[in-house]
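Number of protein chains: 2
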Amino acid sequence: MASSIQYKIRPATEEDVSDILSLVKKLAEYEKLSHEVTATSELFRENGFGKTSHYSCLLADGGMNLDTRYFGFALYFYTFSTFKGKPTLYLEDLFVLPEFRGLGIGKSLLIRLAQIAREKKCGRMEWAVLDWNQPAIDFYRKIDAVPMDDWTVFRLDEKAIRRLAESTR
Amino acid sequence: MASSIQYKIRPATEEDVSDILSLVKKLAEYEKLSHEVTATSELFRENGFGKTSHYSCLLADGGMNLDTRYFGFALYFYTFSTFKGKPTLYLEDLFVLPEFRGLGIGKSLLIRLAQIAREKKCGRMEWAVLDWNQPAIDFYRKIDAVPMDDWTVFRLDEKAIRRLAESTR
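As structure tokens, this is what we get:
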């Protein structure tokens, strides 16, 4: 692998939804969570570029002439901190293909996100990391990210949501 | 405390921003995190009811004639699951004033949120819980919420965002 490589980081458009989904599937494979992926390109189109936009995405784009055009991606949206009263840039997925790691692509994506967070006057940037993913944790520590060790996220799936919605007090 | 109580759950409007902030401050006190609160009513107005709306809020409203009008609140927004391809209803804050607990107000707020999540075709509902808050954890377990035990959230504050934004690869 060459130690320097040409690519640009650009915002994804509606034309990119199937490429984004392919990258998400590769990320899921790396996270050993492929069985959880039920998304479709149509859902990515509808929820990113339809009436309401629920996400934005940056692509590390090496150009059309390569066998592998996209080296990595960062998918994000804005949440809100009630303590800060400001939006938080929440990074849902950050992924660089294994064969393109160690070239600074992940760092470039994060720098661009930090610039976007400043433009949007965000009080925080946040993302979740799998506890076994030590290379990622080391990387995040280096940029002074702090683990929220005393919090646990709880989740309801669609079935549990339906049960709750139809329940009575 | 009466075992039944009259209130309605209604969406907050722009007129409610200072009441929402008061409730957030009471929540922060309960969580022993008051020192983290720097939000202002103006920021709540701008980020909830300005050009971009970063949150929505439900209020448990007992009516104007009471000394304490608002018994609790739920502040939420939509994130996005790349694995589901669908929005997630993310519950940032759920809080019932200590003196109004045990009356089903928290459950009522959650039921309403689940109904909203279904209307918006969400694939998930999620929220974070402090690990020492056992009463909350017990409550969430009862409605079949599942803890994401193998994930940790990392956070950058404004200073770290600035440093990252200004760094080079």
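In order, the protein sequence lines correspond to chains A and B.
At the far end of the first sequence sits residue 520, using my numbering, and the numbering has no gaps.
At the far end of the second sequence sits residue 520, using my numbering, and the numbering has no gaps.
Even glycine gets a Cβ: it sits at the ideal position worked out from N, Cα and C.
Values in this document were obtained by computation on a predicted structure and should not be read as measured data.
*Contacting residues, own chain, Cβ-Cβ under 7 Å from L460(B) (five flanking each side not counted)*: I360, L409, A411, G423, A425, L445
*Mind checking if S518(A) is an interface residue toward chain B, Cβ cutoff 8 Å exclusive?*
yes
*With 7 Å as the limit, tell me which residues of the region 423 to 455 of chain B have their beta carbon closer than that to any beta carbon of chain A; keep them in chain order.*
L426, F428, Y429, T430, F431, T433, F434, K435, G436, K437, P438, Y441, E443, D444, G455
*Neighbourhood of A487(A) by C-beta, 7 Å cutoff - its chain only, sequence neighbours within 5 removed*: V480
*asked:* Taking CB distances under 8 Å as the criterion, tell me whether T503(A) reaches chain B.
replied: yes
*asked:* My parser needs the alpha helix (DSSP H) runs of 4 or more residues fully inside the region 355 to 384 of chain B; what are they?
replied: Counting whole runs of 4 or more residues, the region 355 to 384 of chain B contains the alpha helix (DSSP H) stretches 368 to 381.
*According to DSSP, which residues form a beta bridge with W502(A)?*
DSSP lists L481(B) as partners of W502(A).
*Leaving out five residues on either side along the sequence, give the residues of the same chain with a beta carbon under 6 Å from the beta carbon of G399(B).*
Y406
*Shorter than 8 Å from the beta carbon of P362(B) to some beta carbon of chain A?*
no
*Identify which residue in A390(B), T439(B), N484(B) has its Cα closest to the Cα of Q466(B).*
T439(B)
_In this structure, how does DSSP classify G423(B) when only helix, strand and coil are distinguished?_
G423(B) falls in the strand class under three-state DSSP.
_Is it the case that the region 467 to 475 of chain B contacts the region 447 to 454 of chain A, given that we only count it when at least three CB pairs across the two stretches are under 8 Å?_
no
*Short-range partners of chain A found in the region 459 to 472 of chain B, where Cβ spacing is below 7 Å*: S459, L461, I462, A465, Q466, A468, R469
*Backbone CA spacing between D370(B) and I462(B) [nearest angstrom]*: For D370(B) and I462(B), the distance between alpha carbons rounds to 22 Å.
*asked:* At the 8 Å Cβ level, is L410(A) part of the contact set with chain B, yes or no?
replied: no
*Hey, how far is the Cα of G401(B) from the Cα of S392(B)?*
12 Å
*asked:* Closest to Q357(A) by C-alpha separation, out of A390(A), D367(A), M415(A), would be which residue?
replied: M415(A)
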